[in-house]
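Those protein sequence lines, which keep their order, are chains A and B. Just so we're aligned, residue 1 is where the first sequence starts under my numbering, counting upward by one. Just so we're aligned, residue 1001 is where the second sequence starts under my numbering, counting upward by one. Here's the structure we're looking at; comments come further down.
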Amino acid sequence: GPIMLESYRVIADYGKSSKYEVTLKAGDMVDIVEKSPNGWWFCQCESRRGWVPASYLEPLDGADESEEPEPNYAGELYKTTKGYKAVEEDELTLEAGETIEVIHKLLDGWWVVRKGEDTGHYPSMFLYRTGEKK
Amino acid sequence: SIKEPPQNPPPRPPPEHRRKKA
């Protein structure tokens, strides 16, 4: 069947860091054909095809928020599959195998998680759902 | 392969586009 393309505008320059990515220039329009929940989206841009960070795109009509789930302050239990050391001050440092609560699943692949008293952003690709209830 | 998304976390949004924590 036909593939529905969604168009997005690039908000800042992005230089690709691996061969299956596409370099972006602020103001470019890109057509997205697949959205991975880890924040990498597949774009078809004229002759170029490859993965681009969702964090550098904005929808043309500004109605992106509608597809993003609301924050869930009660939290959903996930476990870290891989450790990550915070680079930005709003990120969280965790080791592999820690149980945390996910409170907001952002489309850019950086979810807001809570560990005890601390909250911060963490890469969704390093998390898996435990299926347990608190 | 190009069918699989990169295995490294994507970059954070540019600072002026970052949202505050929930």
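Every residue, glycine too, gets a C-beta built ideally from N, C-alpha and C.
A:D61 sits exposed, since fewer than 16 C-beta atoms from the chains shown fall within 10 Å of its C-beta. Membership of A:L57 in the beta strand (DSSP E) is indicated by the continuous run 57-59.
Under a criterion of Cβ atoms nearer than 7 Å, the residues of chain B adjacent to A:P53 are, in order, P1010, P1011.
The residues G83, in chain order, have a CB closer than 6 Å to that of A:E95 in the same chain once the five nearest residues on each side in sequence are set aside. As the crow flies, the alpha-carbon of A:E76 is around 12 Å from that of A:W111.
Close partners of A:D31 in chain B (Cβ separation under 9 Å) are lacking, with about 16 Å as the shortest Cβ gap. Taking the beta carbon of A:D108 as reference, the chain B residues within 8 Å of it are P1010, R1012, P1013, listed in sequence order. Of all alpha-carbon atoms in A:E68, A:S47, A:P37, the one lying nearest the alpha-carbon of A:P53 is that of A:P37. Chain-order list of chain B residues neighbouring A:Y78: empty, with the shortest C-beta distance near 15 Å, by a criterion of under 8 Å. About 5 Å separates the beta carbon of A:Y14 from that of A:Y56, a gap short enough to meet the 8 Å contact definition. A contact is defined here as three or more CB-CB pairs under 8 Å, and the stretch 112-125 of chain A fails this definition with respect to the stretch 22-29 of chain A.
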